Each structure stands twice: as C-alpha cells, then as structure tokens.
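A quick write-up on the structure given underneath.
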Amino acid sequence: MGAAQLPAAGLLWWVVADSGTDDYGAGYGGAFGLLCLFLFAPLVLPVLGLLHAVLHPLPALVLARRAARRVPGPEWARHLGGVALLGTAWAAPVTLLWGGSYPATAVSLSLLGVLPVLGVARLRRRYAREAQGTGRAWRARSVWLGSAPVSVALLAAAFLGALLASVTGLLTAYEPPKLSAGQLAGVWRGDDGAVLRLLPGGRARGTALPTRAGSEEPPGTRDFVVCGGDGTWRLDAPERQGERDGVLLRLDRDCGRETVWTIGGTADEPELFVLFGDPDAGDVRILTRD
56 MGAAQLPAAG
66 LLWWVVADSG
76 TDDYGAGYGG
86 AFGLLCLFLF
96 APLVLPVLGL
106 LHAVLHPLPA
116 LVLARRAARR
126 VPGPEWARHL
136 GGVALLGTAW
146 AAPVTLLWGG
156 SYPATAVSLS
166 LLGVLPVLGV
176 ARLRRRYARE
186 AQGTGRAWRA
196 RSVWLGSAPV
206 SVALLAAAFL
216 GALLASVTGL
226 LTAYEPPKLS
236 AGQLAGVWRG
246 DDGAVLRLLP
256 GGRARGTALP
266 TRAGSEEPPG
276 TRDFVVCGGD
286 GTWRLDAPER
296 QGERDGVLLR
306 LDRDCGRETV
316 WTIGGTADEP
326 ELFVLFGDPD
336 AGDVRILTRD
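Quick note on numbering: this note's numbering labels position 211 of the sequence shown as 266, and the sequence is numbered without any gaps.
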C-alpha cells in the first residue's frame, strides 16, 4: 500500500512545487522527467515502497506496540500517532536539505504513512478471519495485484484534484514582474563574476558577461561567449502575447551579438536571465540586482 500512493504523491508534489515558480523557459517544467518516472514506475515503486516502509511505517509500528501499555485504544490508532510523530521528525532534515515550509513538510510526510497503516490494519483483520476459518487464504502476490487499482485510483484523484485547483485559482501560474526602465537601472550580478551595469540613459557596462555567440564563432563551440566592455541597452517589451519583457543589450566590442536578458524573479527580488542552447538541456544564466 505504501508504494501504491507514491505516483499520486509524486504528481501532487510536482504540481505544487511547479506552481507559481519561474521555469526560465527551460524544458517542460519537469514534466518530461515526471513522465519518465511513471514509465519506469513498475521497476522503481517496489524499491521506493520498501524504503519508505523501513524508514516510516515500520518504526512507527514499533513505537505503537511499545506504547500499548500506556496508551489505550486500537493498535491502528497508536500506529497513526507513531506515523505522525516520525513524519514530524523526518521533516526537519528534509527541510534543511531541500528547503520549504517545515509545517507543510511535516504534514505531507505524516500523510504518506496513513495509507500503509490502514492497509496493515486491513491485512491483520484478514489474518484473523483466516485463522478462524471464515476467510479465504491470501498470498503476497494478491497484495501487489490489489495495490495496482488503488494506485491508479489515487493517481486519477490527484490529477483531477490538481486540475480543479488550477481552474479555481487555488494554484496560480507564475507571473513575472513588470519593471520600468528606471527600475531596471542599477548593478546586476551573476555567478562566475558576471556584472552588468545598466546606466540611466541607455548606456551599459559588462564584466565577464555571458553573451550570445556570434556567427563568426567556429561551429561546435558553446552557445555563448564571455564578453566585457561598454554598450547600450533598452527595455524590450514585445507586443505579442506570451512573450516576456527583457533587457536588449548590445556591447560595442566585436564580441558576441545582442542578447535579450529576460525579466524574472519577483517585484521585490527581480532577476535577469538568458537561456543559452537547447531549451530541454540549455544553460541558464541568472543575474540578481544589488
């Protein structure tokens, strides 16, 4: 049962993580990787399900049985309490390593243990009926076969829920900030020492700045060259729907060609970025303002 819920959980995680974030025009926002994961799911799910069971529901079951003398009630209720406790504990390292909200992570990890707990409780009842001779015998294979329709149903429910949340506005698409030329003026810095100074009046100065490679570059070279020097810039605001505003930069030196730095980030923390090369496997360079 633990493995059966993982495709739906993965879909929901991808939808929530992708909602409201900038993909910088690269690839399909992780959809291709998610599709590959679903294709290899029959091979990967047993391993992930076993790993999840060892790290979460099984230790929670040990805690539930040790607390039997002190906490009255059915074992499945104590098991759920142990799952919530361990989910809260695992949320700390997960949040430190991958970021995000600690409360949301704790709730999500705890919910991942609910279905295995209910599945164990159901199997225990079947064990009891079999021992009494009132139920039919079952095999381990039947558990996996029975999990398949559960997994499909959960995945369909997750997809419909995500679609409904998107239609109703609970999940919002990313909207880049609208910046004027005056707001764009300033110093922008990137990795590897890249610096772009946008001066009022349309003059610019670049240092170690990645720029689109010109036609004079030898075939097979990188899609960008690192340039520096003075140049000009202007706000590029395309009128076609779907295209984003950016900064059209042209350096005076014979190095590369004019490059459009697209506006991204947020109004409080704006960014300028360029995607060089193939959108599916390109090189994204990002500048942030001082």
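Beta carbons: idealized from backbone N, C-alpha and C, even for Gly.
Since we're looking at a predicted model, the values are computed, not measured.
Can you tell me where the beta strand (DSSP E) holding residue i begins and where it ends?
{"i": "D285", "result": "279-291"}
{"i": "T314", "result": "314-320"}
Going by DSSP in three states, residue i sits in which element: helix, strand or coil?
{"i": "G154", "result": "coil"}
{"i": "L226", "result": "coil"}
{"i": "P349", "result": "One cannot answer for residue 349 here, as it falls past the ends of the chain, which runs 56 to 345."}
{"i": "G27", "result": "Within the shown structure, residues of the chain are numbered from 56 to 345, placing residue 27 beyond reach of any answer."}
{"i": "L251", "result": "strand"}
{"i": "A259", "result": "strand"}
{"i": "V242", "result": "strand"}
{"i": "R305", "result": "strand"}
{"i": "L135", "result": "helix"}
{"i": "R295", "result": "coil"}
{"i": "L162", "result": "The amino acid at residue 162 is misidentified as Leu; the sequence shows Val. If DSSP states are grouped into helix, strand and coil, V162 belongs with the helices."}
{"i": "T143", "result": "helix"}
{"i": "V207", "result": "helix"}
{"i": "A64", "result": "helix"}
{"i": "V126", "result": "coil"}
{"i": "A311", "result": "Residue 311 is actually Gly in this sequence, not Ala. In this structure, G311 counts as coil in the three-state DSSP scheme."}
{"i": "G174", "result": "helix"}
{"i": "L167", "result": "coil"}
{"i": "S74", "result": "coil"}
{"i": "A115", "result": "helix"}
{"i": "P334", "result": "coil"}
Across which residues does DSSP place residue i in a beta bridge pair?
{"i": "R340", "result": "V329"}
{"i": "L234", "result": "Answer is none; L234 lacks a bridge partner."}
{"i": "W69", "result": "Bridge partners of W69: none, in fact."}
Taking the alpha carbon of residue i as the reference point, which residue from the options has its own alpha carbon closest?
{"i": "G297", "options": "L164, V138, D278, P231", "result": "P231"}
{"i": "D246", "options": "T343, V302, L290", "result": "T343"}
{"i": "V205", "options": "S235, A249, G174, T287", "result": "G174"}
{"i": "R305", "options": "R295, L290, R299", "result": "L290"}
{"i": "S74", "options": "L225, L105, A119", "result": "L225"}
{"i": "P325", "options": "G128, Y79, G136", "result": "Y79"}
{"i": "V250", "options": "V242, T223, L170", "result": "V242"}
{"i": "L116", "options": "A236, R308, G168, Q60", "result": "G168"}
{"i": "L331", "options": "R267, A213, D300", "result": "Reading the sequence as shown, one finds Phe at residue 331 and not Leu. Out of R267, A213, D300, R267 has the C-alpha closest to the C-alpha of F331."}
{"i": "A322", "options": "G256, S235, V149", "result": "S235"}
{"i": "G237", "options": "P255, V71, S221", "result": "P255"}
{"i": "V339", "options": "V71, D77, Q60", "result": "D77"}
{"i": "H107", "options": "V172, G319, S156, V70", "result": "V172"}
{"i": "G301", "options": "L118, V329, R180, A161", "result": "V329"}
How far does the alpha helix (DSSP H) with residue i in it reach, from first residue to last?
{"i": "V109", "result": "96-110"}
### Cβ pair count under 8 Å reaching 3, the region 109-119 against the region 140-159
The region 109-119 is in contact with the region 140-159.
### Query
Can you find at least 3 beta carbon pairs, one from the region 57-76 and one from the region 207-221, that sit closer than 8 Å?
They touch, by the three-pair rule.
### Task
Could you say if the region 302-316 and the region 214-233 meet the contact criterion of at least three C-beta pairs nearer than 8 Å?
Counting Cβ pairs under 8 Å, fewer than three are found: no touch.
### Message
Within 8 Å, do at least three Cβ pairs link the region 273-293 to the region 247-265?
### Response
Yes, they touch.
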